[in-house]
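Notes follow the structure.
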Amino acid sequence: MAFFAHQIRRGFSSSAVRNVVIKQVTIIGGGQMGAGIAQVAASTGHSVTLVDTSDDILKKSIKTIEGSLKRVVKKKFADKPEAGEEFIQKVLKNVSTSTDVGSAVQGSDLVLEAIVENLKIKQDLFSRLDKLAPAHTIFASNTSSLPISDISSATNRLDRFGGLHFFNPVPMMKLVEVIGTSTTSQETFDSLLNFSKVLGKTPVSCKDTPGFIVNRLFVPYLYEAIRLYERGHGSKEDIDIAMKLGVGYPMGPFELSDYIGLDTIKFIMDGWREMDPDNTLFAPSELMDKLVAEGKLGKKTGEGFYKYK
Ligand SMILES: CCCCCCC[C@H](O)CC(=O)SCCNC(=O)CCNC(=O)[C@H](O)C(C)(C)COP(=O)([O-])OP(=O)([O-])OC[C@H]1O[C@@H](n2cnc3c(N)ncnc32)[C@H](O)[C@@H]1OP(=O)([O-])[O-]
Ligand SMILES: NC(=O)c1ccc[n+]([C@@H]2O[C@H](COP(=O)([O-])OP(=O)(O)OC[C@H]3O[C@@H](n4cnc5c(N)ncnc54)[C@H](O)[C@@H]3O)[C@@H](O)[C@H]2O)c1
677 MAFFAHQIRR GFSSSAVRNV VIKQVTIIGG GQMGAGIAQV AASTGHSVTL
727 VDTSDDILKK SIKTIEGSLK RVVKKKFADK PEAGEEFIQK VLKNVSTSTD
777 VGSAVQGSDL VLEAIVENLK IKQDLFSRLD KLAPAHTIFA SNTSSLPISD
827 ISSATNRLDR FGGLHFFNPV PMMKLVEVIG TSTTSQETFD SLLNFSKVLG
877 KTPVSCKDTP GFIVNRLFVP YLYEAIRLYE RGHGSKEDID IAMKLGVGYP
927 MGPFELSDYI GLDTIKFIMD GWREMDPDNT LFAPSELMDK LVAEGKLGKK
977 TGEGFYKYK
């Protein structure tokens, strides 16, 4: 069994909630991750409000969700295209959009944040939300690398705050890391675990440590692959082939770095190096710094380690 929530001891403060059953979800940030999480939550019968800074961005998020749903139904309803179309419309009906966080959090059981990976911006958002959301509402962040306790410290609901870390592409990746801080109540943690299961994902319990489980192992792996290439020990193509065929990874480290975004990866590594400067696992890469400085951020800009145009 991958998780033993009941065995995890954590500090409790008085909670306004007992095992909230999450039905209504507000997702803040309609980018790669937010749109994917909204899709999965809506597909599993939740009522979802997706929030971003402009209607144009939200229109793009809905388009992304529609495109991804089409890929899902192509397989799921291979022989019944009408049922597939019906499913898409049903899911889309469960998603509404808003640029006003204040109204979007009313009635919400869970507010899940998937905005830019910047501590100050996340803290400002949650500090505002804390005053606007109902007392029972659980807050969670999808951060890849920031301590959940640093984000939750901007609020007065430390017991109703945890981490829910999804993986990209959300509709395909089965894992969710559920993160409890020393102040997350057991009720909140259990609600987040249950929610992940209802989404059809497999949750694992994580401590609030840098990178939780996956990224703590994954970030040094990606960086070591880049250093291997920098030292001339192998071509990018050969390293990618080696990791795909040698250990069965679906993407090699350079393909995956381009898929995630080189700016995101560098940002995470720079932050960890600041926290632990002597750790050689967190050493920088000249090539990575150069590509990011040149705006070659991977698939999203048309070029990273590889070219996409
Ligand atoms: C330094 C590190 C820093 C970390 C940074 C942040 C990282 C973060 O915190 C954690 C992560 O996410 S880490 C990142 C973790 N992520 C990884 O490690 C990802 C590793 N990669 C993979 O798992 C696979 O390459 C993919 C699943 C992406 C594509 O699969 P493939 O076989 O190579 O290519 P395919 O044939 O095209 O697609 C196959 C099937 O998938 C379907 N489909 C795809 N996208 C879809 C979507 N958006 N919607 C719906 N469906 C989608 C597609 O339709 C097809 O369906 P079919 O019915 O079978 O025809
Ligand atoms: N990309 C990944 O592979 C991945 C995987 C797991 C977790 N994450 C984490 O998820 C979060 C989002 O990442 P992403 O890749 O979806 O980013 P993204 O850039 O694709 O999307 C972020 C969205 O948030 C919106 N936004 C920014 N500030 C906002 C605010 N104050 N209010 C409302 N919306 C705001 C932006 O307009 C944008 O649409 C980050 O914390 C990231 O570390 C990313």
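The sequence shown begins at 677 in our numbering and counts up one residue at a time.
Positions of the beta carbon are idealized from the N, C-alpha and C atoms, including for glycine.
This structure is a prediction, so every number in the text was calculated from the model and none was measured.
The continuous alpha helix (DSSP H) containing residue 807 extends over residues 795–808. Checking the DSSP bridge columns, you'll see residue 883 partnered with 856. The beta carbon of residue 872 sits closer than 8 Å to those of 840, 852, 854, 878 and 879, all from its chain and outside the five residues before and after it, given in chain order. Here the alpha carbon of residue 780 sits roughly 49 Å from the alpha carbon of residue 911. Our two residues, residue 701 and residue 733, have alpha carbons roughly 19 Å apart in a direct line.
Straight across, the Cα-Cα distance linking residue 972 with residue 980 is about 5 Å. Assigned with DSSP and collapsed to three states, residue 970 falls in coil, not helix or strand. The region 747–782 is shown to contain whole alpha helix (DSSP H) runs of 4 or more residues at 757–769 and 777–780, in chain order.
Contact check for residue 895 against residue 709 fails: the beta carbons are separated by 8 Å or more.
DSSP places residue 840 in the strand class (E or B) of the three-state scheme. The residues 749 and 753, in chain order, have a CB closer than 6 Å to that of residue 760 in the same chain once the five nearest residues on each side in sequence are set aside. Taking C-beta separations shorter than 6 Å and ignoring five residues to either side along the sequence, the partners of residue 938 in its chain run 967, 968, 973, 974 and 980, following chain order. Taking one beta carbon from each stretch, the region 714–727 and the region 808–820 have fewer than 3 pairs nearer than 8 Å; the two do not touch. Excluding its 5 nearest sequence neighbours in each direction, residue 904 has C-beta neighbours in its own chain below 7 Å: 910 and 915, listed in chain order. DSSP, read as helix, strand or coil, puts residue 911 in coil. In summary, residue 789 is buried, with 16 or more beta-carbon neighbours lying within 10 Å of its beta-carbon over all protein chains present.
DSSP, reduced to helix, strand and coil, places residue 821 outside both helices and strands of the structure shown, so it counts as coil. Here residue 815 carries a strand assignment [DSSP, helix/strand/coil]. In the three-state reduction of the DSSP assignment, residue 726 falls in the strand class, which pools E and B. Boundaries of the beta strand (DSSP E) around residue 702: 700–704. Taking 8 Å as the cut-off, the Cβ atoms of residue 813 and residue 838 do not count as close. When secondary structure is reduced to three states using DSSP, residue 792 falls in the coil class, being assigned neither helix nor strand. When the alpha-carbon of residue 794 is set against those of 758, 695, 821 and 785, the nearest one is in 821. In the structure shown, residue 868 falls within a helical segment according to DSSP collapsed to helix, strand and coil.
A distance criterion of 7 Å places the beta-carbon of residue 707 in contact range of ligand 2, judged by its closest non-hydrogen atom. Here the alpha carbons of residue 867 and residue 876 stand approximately 14 Å from one another. Counting the other CB atoms within 10 Å of its CB gives residue 929 a total of 16 or more, which places it among the buried residues.
Annotation for residue 718: the continuous alpha helix (DSSP H) segment containing it runs 708–719.
The alpha-carbon of residue 725 is positioned some 43 Å away from that of residue 956.
In this structure, the CA atom of residue 945 is about 18 Å from the CA atom of residue 826. In terms of side-chain proximity, the C-beta atom of residue 876 is found no nearer than 7 Å to any non-hydrogen atom of ligand 2. When beta bridges are read from the DSSP output, residue 786 appears opposite 701 and 814. Within the DSSP secondary-structure output, residue 979 pairs in a beta bridge with 974 and 983.
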